[in-house]
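What follows is a single structure, written as structure tokens, with notes after it.
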Amino acid sequence: MKATSIANHEKTFFDKGIDASGKEFIIKEMSVPIKGTSQVMPYVQCRLKNGDTSFYEQEKHTKNQIVLHYTAGYLKGDIAALSRPNYRVSTPFIIARNGKILNLWSSAYWSYHLGSGAVGGNTRGSKRTIGIELSNIGFLKKRNDRLVTVYSDNDVYCNMDQTQFYTKLATPYRGEQYYATFTKQQYNSLILLLQYLTSEYNIPKAFLPEDQRYEIGTNDLVNFEGIVSHVNYRVSGKWDIGPAFDWNTVIESLTS
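For what it's worth, our numbering labels the leading residue of the sequence shown as 474, then goes sequentially.
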């Protein structure tokens, strides 16, 4: 999908409430106060019309860490993948490119989101962490004067002169140099969501040091309280969220 088509793609979901697999959702605009502040976080409650809850576990566990992901897809497909019946791979939050925060289920519950081989174990880690997915196609491949998605050389994302749609790293990260950019609305909403979650669950507004931020974690990662990303848990096969992300803006906004 072209980057210029994503806004309309997202609009059709918010208008109709139907994901890429045809599942229907009840969508409701809501808001919640952020503890200890005068701020309010608007969000979109997104619940399956058929009442299915089989893609997450309705068990409450103490939360002490937040893990950032990107979806490697587009919103309707993201929602479809994160609400597969009986699959139990999901996160409570998805941030659309228009900045809307979608909530699929209570963040007090849990579902698998770290993956097989995750440092410290997928089950243990998924129970004690809260996953946030940002809707983003991920890394891109250069083909002549275009950037295409990893899924097909015919799936053009943007032209090389459309620099607002991608970031080129000076040094490739995990073998990839081009990454789709996140939107300003996503950054703003992520900061607000992190403010809400850190206050709600008493999670420190702490980040890994820059020299460790994009590396696979050690067993100490399971004891770290704060905000990390998926790449810290997986030695390979994941690129979310690495250096093609404005960490400084998020950290400064959250800790200032």
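All residues carry an ideal CB built from backbone N, CA and C; glycine is no exception.
The model shown is predicted, which means the values in this text are computed figures rather than measured ones.
Contact with chain C by residue i, beta-carbon distance below 8 Å
{"i": "Gly715", "result": "Checking the listed chains, one finds no chain C in this structure; it contains a single protein chain."}
Cβ-Cβ distance between residue i and residue j below 8 Å
{"i": "Lys475", "j": "Tyr630", "result": "yes"}
{"i": "His534", "j": "His586", "result": "no"}
{"i": "Cys519", "j": "Ile539", "result": "no"}
{"i": "Leu444", "j": "Leu727", "result": "Residue 444 cannot be examined here, being either before or after the span of the chain that is shown, 474 to 729."}
{"i": "Tyr652", "j": "Leu613", "result": "yes"}
{"i": "Phe638", "j": "Ser584", "result": "no"}
{"i": "Trp578", "j": "Glu649", "result": "no"}
{"i": "Tyr660", "j": "Thr564", "result": "no"}
{"i": "Val708", "j": "Ile724", "result": "no"}
Three-state secondary structure assigned by DSSP to residue i
{"i": "Val562", "result": "strand"}
{"i": "Lys489", "result": "helix"}
{"i": "Val723", "result": "helix"}
{"i": "Lys484", "result": "helix"}
{"i": "Ser494", "result": "coil"}
{"i": "Ile499", "result": "strand"}
{"i": "Ser729", "result": "coil"}
{"i": "Ser511", "result": "coil"}
Same chain, Cβ closer than 8 Å to residue i, neighbours up to 5 away in sequence not counted
{"i": "Val517", "result": "Phe487, Ile500, Lys501, Glu502, Met503, Lys573, Ile574, Leu575 and Asn576"}
{"i": "Asp694", "result": "Before going on, a small fix: residue 694 reads as Leu here, not Asp. Correct list, in chain order: Val592, Gly593, Val701, Asn705 and Tyr706."}
Supposed close pair residue i, residue j - CB separation, criterion 8 Å
{"i": "Asn692", "j": "Arg601", "result": "Contact flag wrong, Cβ pair sits at about 14 Å."}
{"i": "Val621", "j": "Gly611", "result": "Not quite, the Cβ-Cβ distance comes to about 12 Å (not below 8 Å), so this is no contact."}
{"i": "Glu698", "j": "Lys508", "result": "Their Cβ separation, rounded to whole angstroms, is 17 Å, which puts Glu698 and Lys508 out of contact at 8 Å."}
6 Å CB neighbourhood of residue i in its chain, flanking five on each side removed
{"i": "Ser702", "result": "Leu541 and Ile714"}
{"i": "Gln531", "result": "Tyr582"}
Same chain, Cβ closer than 7 Å to residue i, neighbours up to 5 away in sequence not counted
{"i": "Asp525", "result": "Pro558"}
task: Go through the segment 630–710 residue by residue and report every complete run of the alpha helix (DSSP H) that reaches 4 residues or more, in order.
output: Whole alpha helix (DSSP H) segments, 4+ residues: 657–673.
task: Identify every run of the alpha helix (DSSP H) within the segment 518–577, keeping only runs that are complete inside it and at least 4 residues long; order them along the chain.
output: Correct list: 548–554.
- prompt: Curious, which full-length beta strand (DSSP E) runs of at least 3 residues does the segment 572–631 contain?
  reply: Counting only runs of 3 or more, we get 574–576, 602–607, 612–616 and 619–622.
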